[in-house]
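Remarks on the structure that follows.
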Amino acid sequence: MAGHRVAHATLKGPSVVKELIIGMALGLAAGGLWKMHHWNEQRKTRAFYDLLERALHLVFGIFASNKQM
Numbered sequence: 004m005a006g007h008r009v010a011h012a013t014l015k016g017p018s019v020v021k022e023l024i025i026g027m028a029l030g031l032a033a034g035g036l037w038k039m040h041h042w043n044e045q046r047k048t049r050a051f052y053d054l055l056e057r058a059l060h061l062v063f064g065i066f067a068s069n070k071q072m
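Numbered according to this note's numbering, the sequence shown spans residues 4 to 72.
Shown next, in the form of C-alpha cells:
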C-alpha cells in the first residue's frame, strides 16, 4: 500500500492572457446587455412622448375647431 503513487494536479500560477481574454469577453457581454437595456428604455421613452404629442394635437385640434364655429 505504501508503494502506490497518487497523481496530484500540479498547481500553476494564473495565466495572464487567459484572464485578459475572459475579462474582455465578460466585459463585452455585460456592455452588450447594458446597451440593449438602454435602447429598450430609450424606445419606451420615445413612444411615450410620441403618444403624448399625438394626444396634445388631438386635444388642441378639438379646441381649435370649436373656436372656429
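In this text, a Cβ means the ideal position worked out from N, Cα and C, and glycines have one as well.
Task: Backbone CA spacing between E44 and T13 [nearest angstrom] - done: 49 Å
Open item on the list: Suppose you measure from the CA of A28 to the CA of K15; what does that come to, to the nearest Å?
Closed with: 23 Å
Task: Distance, E56 Cα to F63 Cα - done: 10 Å
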